[in-house]
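Peer 1:
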Amino acid sequence: MQEQNSVKSRETLFDAEEMVLNMGPQHPSTHGVLRVLLKLDGETVTDLDCDIGYLHRGVEKIAEHDTYAMITPYWDRLDYVAAVSGDLCYVGGVEKLLQVEVPRRAQYLRVILTELQRIASHLLWLGTHAIDIGAVTVLLYCFREREEILKIFEDFIGARLTAHAFRIGGLWWDIYPEFEERVRDFLDILPDRIEEYEVLLNANRIWLSRTVGIGVLSSEEAINLSLTGPVLRGSGVRYDVRKAQPYSSYEEFEFEVPIGENGDTYDRYLVRMEEMKQSALIIEQALDGLPEGPVMAKVPKVIKPPAGEVYFPIEAPKGELGVYLVSDGSNKPYRMRIRPPAYINLQSLKRMAIGHLVADVVALIGTIDIVLGEVDR
Amino acid sequence: MSAILTKLLLVTPDWVRSLTGERQPNVFWAEYVVWPLIQIVIVLFVILTLVAYLVYLERKVSAFMQARLGPMRVGPWGLLQPAADGLKLLLKEDIIPLKADKTVFVIAPIISVVAALVVLSVIPWGAAWATIANVNIGLLFVLAVSSVSVLGLVLAGWSSNSKYSLLGALRSSAQMVSYEIAMGLSIIGALMFARTLSMSGIVEAQQSDGIWYAFFQPAGFLLYMISALGETNRAPFDLPEAESELVAGYHTEYSGFRWALFFMAEYAAMIVTASVAVTLFLGGWSFPGLSLIQDRTIFVLVSIVVFAAKVFALIYAYMWFRWTWPRYRYDQLMELGWKWMIPAGLANIVLTGVWYVLALPESAGGLFGFMQAAPGQIDGRLVPTTAGKLYFVVTGFIISIPIMWVLLATINRRSRDFNLQEQRQLQMQLRRERLEKSASAQEADGTP
Chain A
5 MQEQNSVKSR ETLFDAEEMV LNMGPQHPST HGVLRVLLKL DGETVTDLDC
55 DIGYLHRGVE KIAEHDTYAM ITPYWDRLDY VAAVSGDLCY VGGVEKLLQV
105 EVPRRAQYLR VILTELQRIA SHLLWLGTHA IDIGAVTVLL YCFREREEIL
155 KIFEDFIGAR LTAHAFRIGG LWWDIYPEFE ERVRDFLDIL PDRIEEYEVL
205 LNANRIWLSR TVGIGVLSSE EAINLSLTGP VLRGSGVRYD VRKAQPYSSY
255 EEFEFEVPIG ENGDTYDRYL VRMEEMKQSA LIIEQALDGL PEGPVMAKVP
305 KVIKPPAGEV YFPIEAPKGE LGVYLVSDGS NKPYRMRIRP PAYINLQSLK
355 RMAIGHLVAD VVALIGTIDI VLGEVDR
Chain B
4 MSAILTKLLL VTPDWVRSLT GERQPNVFWA EYVVWPLIQI VIVLFVILTL
54 VAYLVYLERK VSAFMQARLG PMRVGPWGLL QPAADGLKLL LKEDIIPLKA
104 DKTVFVIAPI ISVVAALVVL SVIPWGAAWA TIANVNIGLL FVLAVSSVSV
154 LGLVLAGWSS NSKYSLLGAL RSSAQMVSYE IAMGLSIIGA LMFARTLSMS
204 GIVEAQQSDG IWYAFFQPAG FLLYMISALG ETNRAPFDLP EAESELVAGY
254 HTEYSGFRWA LFFMAEYAAM IVTASVAVTL FLGGWSFPGL SLIQDRTIFV
304 LVSIVVFAAK VFALIYAYMW FRWTWPRYRY DQLMELGWKW MIPAGLANIV
354 LTGVWYVLAL PESAGGLFGF MQAAPGQIDG RLVPTTAGKL YFVVTGFIIS
404 IPIMWVLLAT INRRSRDFNL QEQRQLQMQL RRERLEKSAS AQEADGTP
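As you go down the protein sequences, you meet chains A and B in turn.
Using my numbering, the letters of the first sequence correspond one by one to residues 5 to 381.
Using my numbering, the letters of the second sequence correspond one by one to residues 4 to 451.
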């Protein structure tokens, strides 16, 4: 009783209640308009709730009113830092529905462009992840290289961010003459630049203490949460759609699927760094073996796929991006469903963050690599 | 021109005395009021301009480190950018949040900036007349006043009535209090050699010893530099304002010139800590060969330039750290402060004391006799001989640092053994149970 009393008086004296901190939707490091409700005990996170939907545009519903070709640009704006990958997923789905065989040259060019996009997306991720943890300079280094990729895109597609690269059945244009040379120039500088980031971060004591052992996910947990992409591979599960269900002739390229061991933030960082190097290898192989020929398959002007349904997944930079299309035989899809990797990966935030500090929450949001355009759709 | 300058600068007391124009010069009035006032105005003007240009420098340094150009638009190479920034901040709307505690909200930045500026009065900017006040407890004064500035941050965070500000204030109070201790401990080794707390006295002691105390005290210098980073809230210890976590920390709700005051305080504190480091460890305004200059005026001016150069070298290092390293986490910062810095500071004091006592002449109870009374030392200060200097440098670098390293590693050998997340979850669980217990006890008592 004595002890209870003293406890009571101490707790009531300082009015010890948990503080609810409203992080976002306007916050420098929630990567857009994510709102995280944090319940804090001091600085320790005791509970966490993600409030999403600030960027909801109803893309899936809009798709029911648009023709197949009109939907494609919406996919640029889902994961707007990896627009090309989004395009590939949708056009791949429609082509599967139409049972169109895309020309091999177009397939190779698609691989080159999506792998460049993966590097660009990972560079942006690395920069923002590092700046969340306080290393500002890495961000500007990453943007320097990302700029090169965006310039290549701009000259090919006309847009830098929402690059609308693919059409149903292939590519609208063939590449411009200097394309190959410029991509090769970029690939030449990339390894040195990646080494530059690694010098700044890999063995940095502060970086290690901020990432090692933070947000540990075991492989069982990661699978149970149906995570995909680098977040899953960081937990040691060797699953990559490019290997598991090859699309766009990925089976013809040799590359490794890096996995982590401990499933912490540092392993996910290493996995993504290695993925950039592997992407560069894939691009090199695709450029070396680039076949001649047309870039557009024979596709009818008005796309009316036969009635049926199809699921088409690709390995987007953030994980398995899938499209589920139901066709009723008309020129508009009956139903389109997106499997957004960032949205599904985001649910692991709560699991990872509880028991960590506020500073770790921003590191964990960074390590999941979300884009709110895709989370909210 | 130089004659006027000489008259203006060198003959100060006479010149100032002539201001009063009395037959019997009013020494008190001239030496303790008029001349210090002139010095204060000059120092404040120079330092505040310097602060503005330090911001410019920081932007330029960071830009060059990050493969960009930095401010280039206002004036040549953006040199007028600080003026434009200052003007913008002055003209900005003055916003005080509706639910803020208005008085405290207004006072907080003033406390911060005043605490940072008052310290400037005891810094020996150069030889002879270039110091405003040669207080005999100068260093103690610096430590005492600079610890007042934490009050400004805490009050700012508390009065803003915002959760981010509050968290920033909590962090800054814990951080600055713990790094203050480490800072206080780190300078004691150098003070043992200097045997004075007067800032000018410390510089003179290094001159008569013929060595900078950074060589006698490498560990102390390192500890001082690290804790100075913590004390001034610079990266990698910039947690109180960690922009990616707490938006802007304690000054989230501040804007316009009030915000600029905090900014000024931060950069002024940088100058102060760098100046103290230079005074204490890098020989202050002295430099080998400086005494060859015969002309007193030029000598003093050059000494000021030497001091400024050393301070800028340290400030550049601060900037270099900031743009290279990620940020520590709050608990890691505390761990570094309490488990590494403070034990290291204590160990440094003990080791330095041992080396010092051993080096004393046998008549004073020592062993080696590496110290001797030098001619012209009034207070009986002992000055190390050449062998003594070598002895102190060797012990400082080769013996003290490994001993401290082993000691700290032993103390902290188990600090990484447990899983922090699990520990915190355990504590959360215990706390929740305790709260529930007290809630049920309250219900049983029938008291609300």
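Beta carbons are placed, not taken as given, at the ideal position from N, Cα and C, and that holds for glycine.
Note that the structure is a prediction, hence the values are computed from the model and not measured.
Does any residue of chain B bring its CB to less than 8 Å from the CB of Pro32(A)?
Peer 2: What you label residue 32(A) is simply residue 28 of the first sequence in a count that begins at 1. Answer yes: the Cβ-Cβ gap between Pro32(A) and chain B drops below 8 Å somewhere.
Peer 1: Is the separation between the beta-carbon of Lys342(B) and that of Ile229(B) shorter than 8 Å?
Peer 2: Your numbering for residue 342(B) matches position 339 in the second sequence. Your numbering for residue 229(B) matches position 226 in the second sequence. Not closer than 8 Å, so no.
Peer 1: Between the C-alpha atoms of Leu144(A) and Ala134(A), what's the straight-line distance to the nearest angstrom?
Peer 2: Taking the first residue of the first sequence as 1, we reach residue 144(A) at position 140. Taking the first residue of the first sequence as 1, we reach residue 134(A) at position 130. Between Leu144(A) and Ala134(A), the alpha-carbon positions lie close to 10 Å from each other.
Peer 1: Could you check which residue in Leu249(B), Phe290(B), Glu436(B), Pro387(B) has the C-alpha nearest to that of Ser33(A)?
Peer 2: The count along the first sequence starts at 1 and reaches residue 33(A) at position 29. If we check each option's Cα against that of Ser33(A), Leu249(B) comes out closest.
Peer 1: If contact is defined by three or more beta carbon pairs under 8 Å, each pair taking one atom from either stretch, is the stretch 214–224 of chain B in contact with the stretch 330–342 of chain B?
Peer 2: no
Peer 1: Just the C-alpha distance for Ile274(B) and Leu317(B), rounded to the nearest angstrom, thanks.
Peer 2: Locating residue 274(B) in the second sequence gives position 271, counting from the first residue. Locating residue 317(B) in the second sequence gives position 314, counting from the first residue. When rounded, the distance between both Cα atoms is 9 Å.
Peer 1: Under 7 Å between beta-carbons, which chain A residues line up against Asp334(B)? List them in chain order, please.
Peer 2: Your numbering for residue 334(B) matches position 331 in the second sequence. Near Asp334(B) (Cβ distances below 7 Å), the residues of chain A are Leu361.
Peer 1: So, is Arg242(A) buried or exposed, given that buried needs 16 or more other C-beta atoms within 10 angstroms?
Peer 2: Taking the first sequence and counting its residues from 1, one reaches residue 242(A) at position 238. By the 10 Å Cβ count, Arg242(A) comes out exposed.
Peer 1: Is it buried or exposed for Glu255(A), if we count other Cβ within 10 angstroms and need 16 for buried?
Peer 2: Here residue 255(A) refers to the residue found at position 251 of the first sequence. It is exposed - the Cβ of Glu255(A) has fewer than 16 other Cβ atoms within 10 Å.
Peer 1: How big is the Cα-Cα spacing for Asn228(A) and Ile307(A)?
Peer 2: Along the first sequence, one-based indexing puts residue 228(A) at 224. Along the first sequence, one-based indexing puts residue 307(A) at 303. Going by the C-alpha atoms only, they are around 38 Å apart.
Peer 1: Beta-carbon separation of Ile318(A) and Ala346(A) under 8 Å?
Peer 2: Within the first sequence, residue 318(A) is the residue found at index 314, counting from 1. Within the first sequence, residue 346(A) is the residue found at index 342, counting from 1. The answer is no: Cβ separation not under 8 Å.
Peer 1: Indicate whether Arg330(B) and Asp241(B) have their beta-carbon atoms separated by less than 8 Å.
Peer 2: By 1-based counting over the second sequence, the position of residue 330(B) is 327. By 1-based counting over the second sequence, the position of residue 241(B) is 238. Closer than 8 Å, so yes.
Peer 1: Hey, is Trp211(A)'s beta-carbon within less than 8 Å of any beta-carbon in chain B?
Peer 2: Start at 1 with the first residue of the first sequence, and residue 211(A) comes out as number 207. Cβ-Cβ to chain B under 8 Å: yes for Trp211(A).
Peer 1: Quick check on the burial criterion: 16 or more other C-beta atoms within 10 angstroms. Buried or exposed for Asp268(A)?
Peer 2: Counting from 1 along the first sequence, the entry for residue 268(A) is found at position 264. Buried is the call here.
Peer 1: If distances are taken between C-alpha atoms only, which option among Thr48(A), Lys336(A), Ile369(A) comes closest to Ala67(A)?
Peer 2: In the first sequence, counting from the first residue as 1, residue 67(A) sits at position 63. That would be Lys336(A), whose Cα lies nearest to the Cα of Ala67(A).
Peer 1: Give every residue of the same chain whose Cβ lies closer than 6 Å to the Cβ of Ala169(A), excluding the five residues on either side of it in the sequence, and list them in chain order.
Peer 2: Here the question's residue 169(A) lines up with position 165 in the first sequence. Closer than 6 Å at the Cβ level, and outside the excluded window around Ala169(A), lie Val88, Asp91, Leu117, Ile161.
Peer 1: Can Ile114(B) and Ala271(B) be called in contact, C-beta distance under 8 Å?
Peer 2: Translated into positions along the second sequence, residue 114(B) becomes position 111. Translated into positions along the second sequence, residue 271(B) becomes position 268. In this structure, Ala271(B) does not lie closer than 8 Å to Ile114(B) by Cβ.
Peer 1: Within the same chain, show all residues whose beta-carbon is closer than 7 Å to that of Ala277(B), passing over the 5 residues directly before and after it, in chain order.
Peer 2: Reading the second sequence from its first residue, position 274 is the one you call residue 277(B). Same-chain partners within the cutoff: Val314, Leu317, Ile318.
Peer 1: Just to confirm, are Arg109(A) and Glu296(A) a CB contact at a threshold of 8 Å?
Peer 2: What you label residue 109(A) is simply residue 105 of the first sequence in a count that begins at 1. What you label residue 296(A) is simply residue 292 of the first sequence in a count that begins at 1. In this structure, Glu296(A) lies closer than 8 Å to Arg109(A) by Cβ.
Peer 1: Does the beta carbon of Ala124(A) sit closer than 8 Å to a beta carbon anywhere in chain B?
Peer 2: The residue you call residue 124(A) lines up with position 120 of the first sequence. Closer than 8 Å: no.
Peer 1: So what's Gln220(B) in DSSP terms, helix, strand or just coil?
Peer 2: The residue given as residue 220(B) occupies position 217 in the second sequence. If DSSP states are grouped into helix, strand and coil, Gln220(B) belongs with coil.
Peer 1: Going by alpha carbons, who is nearest to Ala291(B) out of His254(B), Gln210(B), Val357(B)?
Peer 2: Position 288 of the second sequence, counted from the start, is the residue given in the question as residue 291(B). Note that residue 291(B) corresponds to Pro in the displayed sequence, not to Ala. Comparing Cα-Cα distances from Pro291(B) to each of His254(B), Gln210(B), Val357(B), the minimum goes to Gln210(B).
Peer 1: Please identify the residue among Met344(B), Trp326(B), Pro39(B) whose C-alpha is closest to the C-alpha of Ile135(B).
Peer 2: Within the second sequence, residue 135(B) is the residue found at index 132, counting from 1. Checked all of Met344(B), Trp326(B), Pro39(B); the closest Cα to Ile135(B) is Pro39(B).
Peer 1: Do you know whose CA, among Tyr257(B), Ser181(B), Ala66(B), Leu438(B), lies nearest Pro100(B)'s CA?
Peer 2: As a first step, residue 100(B) must be located in the second sequence, where it is residue number 97. When each option's Cα is compared against that of Pro100(B), the closest is Tyr257(B).
Peer 1: Please name the residue, chosen from Lys322(A), Val275(A), Pro195(A), that lies closest to Ala284(A) on a Cα-to-Cα basis.
Peer 2: The count along the first sequence starts at 1 and reaches residue 284(A) at position 280. Cα-wise, what sits closest to Ala284(A) is Pro195(A).
Peer 1: Alpha carbon to alpha carbon, what distance is there between Val145(B) and Tyr125(B)?
Peer 2: The residue you call residue 125(B) lines up with position 122 of the second sequence. The residue you call residue 145(B) lines up with position 142 of the second sequence. Sequence inspection shows Val at residue 125(B); the Tyr mentioned does not correspond to that position. Cα-Cα distance, rounded: 8 Å.
Peer 1: Applying the 10 Å Cβ sphere with the 16-neighbour rule, what's the burial state of Lys65(A)?
Peer 2: To locate residue 65(A), count along the first sequence from 1; it is residue 61. That one is exposed.
Peer 1: The beta strand (DSSP E) with Leu44(A) in it runs from where to where?
Peer 2: The sequence position of residue 44(A) within the first sequence is 40, counting from 1. Element bounds for Leu44(A): 39–45.
Peer 1: Could you tell me the boundaries of the beta strand (DSSP E) in which Gly312(A) lies?
Peer 2: Counting from one through the first sequence, the residue named residue 312(A) turns up at place 308. Start and end: 312–320.
Peer 1: Would you tell me roughly how many angstroms separate the C-alpha atoms of Ala447(B) and Leu169(B), rounded to the nearest one?
Peer 2: Position 444 of the second sequence, counted from the start, is the residue given in the question as residue 447(B). Position 166 of the second sequence, counted from the start, is the residue given in the question as residue 169(B). If you take the alpha carbons of Ala447(B) and Leu169(B), they lie about 35 Å apart.
Peer 1: Within 8 Å, do at least three Cβ pairs link the stretch 183–192 of chain B to the stretch 44–56 of chain A?
Peer 2: No contact exists between the stretch 44–56 of chain A and the stretch 183–192 of chain B.
Peer 1: Whole-angstrom Cβ separation of Val175(A) and Val299(A), contact assumed at under 8 Å?
Peer 2: Taking the first residue of the first sequence as position 1, residue 175(A) is located at position 171. Taking the first residue of the first sequence as position 1, residue 299(A) is located at position 295. In the sequence as presented, Val is not what sits at residue 175(A); that position holds Leu. With 8 Å as the limit, Leu175(A) and Val299(A) qualify as a contact, their Cβ atoms being about 4 Å apart.
Peer 1: Can you tell me which of the three DSSP states Ile296(B) falls into?
Peer 2: Position 293 of the second sequence, counting from 1, holds the residue named residue 296(B). If DSSP states are grouped into helix, strand and coil, Ile296(B) belongs with coil.
Peer 1: Hey, is the stretch 141–156 of chain B in contact with the stretch 190–201 of chain B, meaning 3+ C-beta pairs nearer than 8 Å?
Peer 2: yes
Peer 1: Drop a sphere of 10 angstroms on the beta-carbon of Gly312(A), count the other beta-carbons inside from all chains shown, and report buried for 16 or more, exposed for fewer.
Peer 2: Position 308 of the first sequence, counted from the start, is the residue given in the question as residue 312(A). By the Cβ-count criterion, Gly312(A) is exposed, with fewer than 16 other Cβ atoms from all chains shown falling within 10 Å of its own Cβ.
Peer 1: For Val309(B), I'd like the list of residues in its chain whose CB is within less than 7 Å of its CB, leaving aside the five on either flank, ordered along the chain.
Peer 2: In the second sequence, counting from the first residue as 1, residue 309(B) sits at position 306. Trp288, Phe290, Leu293, listed in sequence order.
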